[in-house]
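**Q** Right, I'll just put the structure down here and ask away after.
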Amino acid sequence: MTPNTLSSPLTSNRMAVLATFAAIVLAAGAAVAPERIWSNLLLVGFYLTTLGLGGALFLALNYVCGASWNIAFRRVPEAMAVLLPPAGIGLLIVLALGRERYTWHAHGDAGTFWFKELWTTPSFWMLRAMVYVGLWIVFSRVLVSVSRRQDRSGSVGLSLLNKRLGAIFLVVYAVSFSLASFDWLMLLEPMWFSTIWGVYNFAGTIQAAIAGIIILSLLLRKRGPLQGFFTDDHLHDLGKLLLGFSCFWMYIWFSQYMLIWYTNIPEETSYYLPRTQGPWAPLMVLNLVLNWVAPFLILLPKPCKRSGSVMMKVAVLVLIGRWVDLYIMIFPSTMGSTPVFGVWEIASGALLVGTFGWLFIRSFGNAPPVPTGDPLLSESLHYHC
Amino acid sequence: MTGPPEEHSCLLATFDHEEDLLAATSEVHRLGHPIVDVFTPYAVHGLDRAMGLRPSRLTWVCFVFGMAGGLGMLWFEHWVSALAWAIDVGGKPWNSLPSNVPVAFEAAVLLAGFASVFALFWVARLFPGKKYRPVIERVTDDRFVLVIDQADSQFDASQAEALLKPFNLVDLEERVLSTGGTS
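If you read the protein sequences in the order shown, they are chains W and F. Numbering-wise (the numbering used here), the first sequence opens with residue 29 and increments by one. Numbering-wise (the numbering used here), the second sequence opens with residue 2 and increments by one.
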């Protein structure tokens with residue numbers, strides 16, 4: 029391995045320095061603009077947690093399907109899933125700091141509704157958050173550690189164990205993540221509700237996770253560890269998945285928007301009214317372009333899905349789109365009617381990239397770059413799509 | 002592709018294993034002997050590359066008809082609800098694009114799907130009641146057959162046998178086949 033590879037301590041240290049520097053800037057900012065810093069931290073915390081969660085979800089889906097194609101680069105989603113404990117705990121701290129804003133009466137006189145008042149009681153709300161994050165950490169940890177144990181034993185039984193755990197995790201995930209996205213993002217505007225909100229956030233999660241897997245696998249192939257393992261056929265199939273989930277995201281986005289637009293009831297349109305007016309309207313369009321129009325048109329031809337440079341660019345666009353998507357969900361509720369973008373948002377972006385890079389490189393370096401003990405590894409290495 | 006069926010003198014090379022078939026097909030393609038078709042009991046991955054087939058054009062059929070379905074339906078909905086017989090729904094403008102999207106989407110999927118399937122049937126000359134005549138019976142079970150066109154009269158059975166022997170050739174047969182529409 030040449031020095032300065034993705035897995036080298038040097039890059040890892042640079043990422044850690046970037047994250048630390050961004051954290052110091054944000055800490056200083058908390059004195060000046062606490063609301064804005066909190067919104068940024070919520071965005072970064074949720075983004076990082078769902079990237080880790082997306083990695084675990086990708087693992088579970090492939091185990092449950094009995095898939096072998098992904099084994100050659102499985103260490104990438106595994107290393108992403110290891111992000112969950114630090115990212116999840118960071119998010120819990122951010123949530124704890126902002127728990128009062130989620131209460132039923134935080135936004136003026138909302139009338140009385142015993143269930144919602146109970147549901148948004150800070151202690152109960154915080155307890156649920158800890159349960160969700162705790163479940164995700166436990167499942168992702170076990171999935172990854174079983175896979176790493178297989179490196180030594182090579183036992184088929186461990187694949188079957190992960191298949192069962194994966195199936196349970198998918199069910200646990202579906203329920204807990206729906207509730208979590210209701211609790212943390214939808215309740216920023218407690219009077220507003222959308223039953224498809226959980227699916228909408230799932231779509232963004234898996235889409236961003238696949239984009240992340242594409243970028244990391246390409247970098248790892250270019251700089252060493254996955255060279256000769258991660259082939260154009262793997263890239264091609266990841267491209268198909270990204271294309272599919274971009275369309276899925278658009279489908280769900282439109283399903284939510286169209287029903288609210290059509291019925292035109294004030295209690296439902298309260299979400300879209302500020303988000304489609306003034307400077308928010310172009311951001312809304314940008315969101316659709318980054319998450320669907322661009323990936324859809326670029327990824328349709330087969331040669332694009334097999335080209336590392338094209339796929340890298342599309343995946344970066346999708347990850348920027350994910351940021352814009354979360355920004356549109358969070359900032360109009362917390363920061364009011366004017367979009368803000370400045371040093372704090374740049375710092376929070378640096379925190380996101382730095383923390384992700386630093387934690388990913390560390391956890392990727394803790395295990396062999398390919399799961400050497402998986403009985404189906406050779407099938408994945410000779411995979412043709 | 003189309004045109005009247007032509008009589009061709011062909012060589013039918015039979016193999017027992019997909020690895021042998023793949024290697025033999027690549028070799029025959031590399032030497033430039035025209036391959037009529039390859040028959041296998043199941044889809045063999047990498048065979049299209051070994052045969053040197055050009056990428057399928059079915060994706061273009063799917064794309065063009067999908068676009069036609071989507072745009073055509075958008076235009077039709079606009080014509081119906083804004084031009085021909087303007088209807089006021091809940092006070093919304095007549096040309097309300099979001100309300101047109103679901104049906105346009107469905108029409109795009111429907112036309113793209115039907116066009117792909119029927120284009121495949123057309124090109125492969127498949128129709129209800131078509132008789133299936135396998136080159137050899139066991140090609141539906143456990144044998145793999147590579148059909149080579151004897152366009153070059155120099156390339157006879159003995160030469161072919163010498164070439165394919167290293168790939169565990171099971172059987173070699175000369176037969177006149179009508180090849181119109183199979184390529």
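Every residue, glycine too, gets a C-beta built ideally from N, C-alpha and C.
To test your reading of the DSSP string, which unbroken alpha helix (DSSP H) runs of 4 or more residues are found completely within the region 323-368 of chain W?
**A** 330-333 and 336-363, all fully within the region 323-368 of chain W.
**Q** If you reduce the DSSP assignment to three classes, tell me which class residue 174 (chain F) lands in.
**A** Walking along the second sequence from the start, residue 174 (chain F) turns up at place 173. In this structure, residue 174 (chain F) counts as strand in the three-state DSSP scheme.
**Q** For the alpha helix (DSSP H) that contains residue 186 (chain W), what are its first and last residues?
**A** Here residue 186 (chain W) corresponds to residue number 158 of the first sequence, with the count starting at 1. Per DSSP, residue 186 (chain W) belongs to the alpha helix (DSSP H) from 184-212.
**Q** Under a three-way DSSP split, which group does residue 406 (chain W) fall into?
**A** What you label residue 406 (chain W) is simply residue 378 of the first sequence in a count that begins at 1. Three-state DSSP puts residue 406 (chain W) in a helix.
**Q** Could you tell me whether the Cβ of residue 277 (chain W) comes closer than 7 angstroms to any Cβ of chain F?
**A** Translated into positions along the first sequence, residue 277 (chain W) becomes position 249. Output row for residue 277 (chain W): interface = no.
**Q** Among F:42, F:99 and F:53, which one has its Cα closest to the Cα of residue 34 (chain F)?
**A** Your numbering for residue 34 (chain F) matches position 33 in the second sequence. Closest option to residue 34 (chain F), Cα to Cα, is F:53.
**Q** Would you call residue 199 (chain W) buried or exposed, if buried means 16 or more other Cβ atoms sit within 10 Å of its Cβ?
**A** Position 171 of the first sequence holds residue 199 (chain W). Result: exposed.
**Q** What do you get for residue 131 (chain F), buried or exposed, if any count of 16 or more other CB atoms within 10 angstroms of its CB means buried?
**A** Your numbering for residue 131 (chain F) matches position 130 in the second sequence. When all chains shown are included, residue 131 (chain F) counts as exposed.
**Q** Check residue 179 (chain F) in the structure and name its three-state DSSP category.
**A** Here the question's residue 179 (chain F) lines up with position 178 in the second sequence. In the structure shown, residue 179 (chain F) sits in a strand (DSSP, three-state: E or B).
**Q** Which runs of the beta strand (DSSP E) spanning at least 3 residues fall entirely within the region 47-129 of chain W, listed in chain order?
**A** If we require 3 residues or more, the region 47-129 of chain W turns out to have no beta strand (DSSP E) run fully inside it.
**Q** Using alpha carbons as the reference points, say which of F:19, F:36 and F:63 lies closest to residue 114 (chain F).
**A** Working through the second sequence from its first residue, we reach residue 114 (chain F) at position 113. Checked all of F:19, F:36 and F:63; the closest Cα to residue 114 (chain F) is F:63.
**Q** Could you work out which residues of chain F lie near residue 290 (chain W), taking near to mean beta carbons separated by less than 7 angstroms?
**A** Locating residue 290 (chain W) in the first sequence gives position 262, counting from the first residue. Correct list: 100.
**Q** From residue 80 (chain W) to residue 382 (chain W), what distance separates their C-alpha atoms?
**A** Your numbering for residue 80 (chain W) matches position 52 in the first sequence. Your numbering for residue 382 (chain W) matches position 354 in the first sequence. Rounded to whole angstroms, residue 80 (chain W) to residue 382 (chain W) spans 15 angstroms at the Cα level.
**Q** Measuring CA to CA, which of W:399, W:378 and W:405 is closest to residue 71 (chain W)?
**A** Along the first sequence, read from residue 1 onward, the residue named residue 71 (chain W) stands at position 43. Nearest option by C-alpha distance: W:378.
**Q** Hey, could you find the ends of the beta strand (DSSP E) residue 36 (chain F) is sitting in?
**A** Start at 1 with the first residue of the second sequence, and residue 36 (chain F) comes out as number 35. Residue 36 (chain F) -> beta strand (DSSP E) spans 36-40.
**Q** Can you tell me where the alpha helix (DSSP H) with residue 15 (chain F) in it begins and where it stops?
**A** Your numbering for residue 15 (chain F) matches position 14 in the second sequence. Residue 15 (chain F) -> not in any alpha helix (DSSP H); beta strand (DSSP E) instead, spanning 8-16.
**Q** Roughly how many angstroms lie between the CA atoms of residue 52 (chain W) and residue 333 (chain W), to the nearest whole one?
**A** By 1-based counting over the first sequence, the position of residue 52 (chain W) is 24. By 1-based counting over the first sequence, the position of residue 333 (chain W) is 305. The alpha-carbon atoms of residue 52 (chain W) and residue 333 (chain W) are separated by roughly 40 angstroms.
**Q** Pick out whichever of W:341, W:330, W:311 and W:331 has its Cα sitting closest to the Cα of residue 322 (chain W).
**A** Start at 1 with the first residue of the first sequence, and residue 322 (chain W) comes out as number 294. Of W:341, W:330, W:311 and W:331, the residue nearest in Cα terms is W:341.
**Q** So that I know if they touch, is there some Cβ in chain F lying closer than 7 angstroms to that of residue 108 (chain W)?
**A** As a working note, residue 108 (chain W) is residue 80 in the first sequence. False, the Cβ-Cβ gap to chain F never drops below 7 angstroms.
**Q** Am I right that residue 238 (chain W) and residue 270 (chain W) are in contact with their C-beta atoms under 8 angstroms? What's the rounded C-beta distance?
**A** Mapped onto the first sequence, residue 238 (chain W) falls at position 210. Mapped onto the first sequence, residue 270 (chain W) falls at position 242. Going by Cβ atoms, the distance from residue 238 (chain W) to residue 270 (chain W) rounds to 5 angstroms, so yes, they are a contact pair.
**Q** Give me the Cα-Cα distance between residue 331 (chain W) and residue 49 (chain F), rounded to the nearest whole angstrom.
**A** Looking up residue 331 (chain W) in the first sequence gives position 303. Looking up residue 49 (chain F) in the second sequence gives position 48. If you take the alpha carbons of residue 331 (chain W) and residue 49 (chain F), they lie about 16 angstroms apart.
**Q** Could you tell me the alpha carbon to alpha carbon distance between residue 11 (chain F) and residue 124 (chain F), rounded to whole angstroms?
**A** For the purposes of this step, residue 11 (chain F) is taken as residue 10 along the second sequence, with counting starting at 1. For the purposes of this step, residue 124 (chain F) is taken as residue 123 along the second sequence, with counting starting at 1. In a straight line, the C-alpha of residue 11 (chain F) is about 22 angstroms away from that of residue 124 (chain F).
**Q** Strictly under 7 angstroms for the Cβ-Cβ distance: is residue 286 (chain W) near chain F by that measure?
**A** Counting from 1 along the first sequence, the entry for residue 286 (chain W) is found at position 258. True, the Cβ-Cβ gap to chain F drops below 7 angstroms.
**Q** Given this structure, state the Cα-to-Cα distance separating residue 151 (chain F) from residue 320 (chain W), to the nearest angstrom.
**A** The count along the second sequence starts at 1 and reaches residue 151 (chain F) at position 150. The count along the first sequence starts at 1 and reaches residue 320 (chain W) at position 292. Distance between the alpha carbons of residue 151 (chain F) and residue 320 (chain W) is about 51 angstroms.
**Q** Which residue from W:406, W:409, W:411 and W:394 puts its Cα closest to that of residue 177 (chain W)?
**A** Walking along the first sequence from the start, residue 177 (chain W) turns up at place 149. Nearest of W:406, W:409, W:411 and W:394 to residue 177 (chain W), Cα basis: W:394.
**Q** Can you look up residue 145 (chain F) in the DSSP assignment and give me helix, strand or coil?
**A** Locating residue 145 (chain F) in the second sequence gives position 144, where the first residue counts as 1. In this structure, residue 145 (chain F) counts as strand in the three-state DSSP scheme.
**Q** Strictly under 7 angstroms for the Cβ-Cβ distance: is residue 412 (chain W) near chain F by that measure?
**A** The residue you call residue 412 (chain W) lines up with position 384 of the first sequence. Residue 412 (chain W) counts as touching chain F.
**Q** In chain F, which residues lie with their C-beta within 9 angstroms of the C-beta of residue 328 (chain W)?
**A** The residue you call residue 328 (chain W) lines up with position 300 of the first sequence. Within 9 angstroms Cβ-Cβ: 60 and 64.
**Q** Any heavy atom of the ligand FMN closer than 6 angstroms to the CB of residue 405 (chain W)?
**A** What this structure holds is no ligand at all, so the ligand FMN is not there to describe.
**Q** Quick one: Cα of residue 311 (chain W) to Cα of residue 367 (chain W), how far?
**A** On the first sequence, position 283 is the one that residue 311 (chain W) refers to. On the first sequence, position 339 is the one that residue 367 (chain W) refers to. Rounded to whole angstroms, residue 311 (chain W) to residue 367 (chain W) spans 9 angstroms at the Cα level.
**Q** Measuring alpha carbon to alpha carbon, tell me which of W:46, W:232, W:110 and W:56 ends up nearest residue 351 (chain W).
**A** Numbered from 1 along the first sequence, position 323 holds the residue referred to as residue 351 (chain W). Answer by Cα proximity: W:232.
**Q** Chain W beta carbons: is any one of them nearer than 7 angstroms to that of residue 53 (chain F)?
**A** Taking the first residue of the second sequence as position 1, residue 53 (chain F) is located at position 52. With 7 angstroms as the cut-off, residue 53 (chain F) does not count as an interface residue toward chain W.
**Q** Would you kindly report the start and end of the unbroken alpha helix (DSSP H) that includes residue 153 (chain W)?
**A** Start at 1 with the first residue of the first sequence, and residue 153 (chain W) comes out as number 125. Start and end: 150-181.
**Q** Please list the segments of the alpha helix (DSSP H) lying wholly inside the region 215-255 of chain W, counting only runs of 4 or more residues, in order along the chain.
**A** Here the runs fully enclosed are 225-250.
**Q** Taking the alpha-carbon positions, what's the residue 419 (chain W) to residue 207 (chain W) distance?
**A** The first residue shown for chain W is 29 and the last is 413, placing residue 419 (chain W) beyond what the model contains.
**Q** Determine the contact status of residue 105 (chain F) and residue 75 (chain F), defining contact as a CB-CB distance below 7 angstroms.
**A** The count along the second sequence starts at 1 and reaches residue 105 (chain F) at position 104. The count along the second sequence starts at 1 and reaches residue 75 (chain F) at position 74. Closer than 7 angstroms, so yes.
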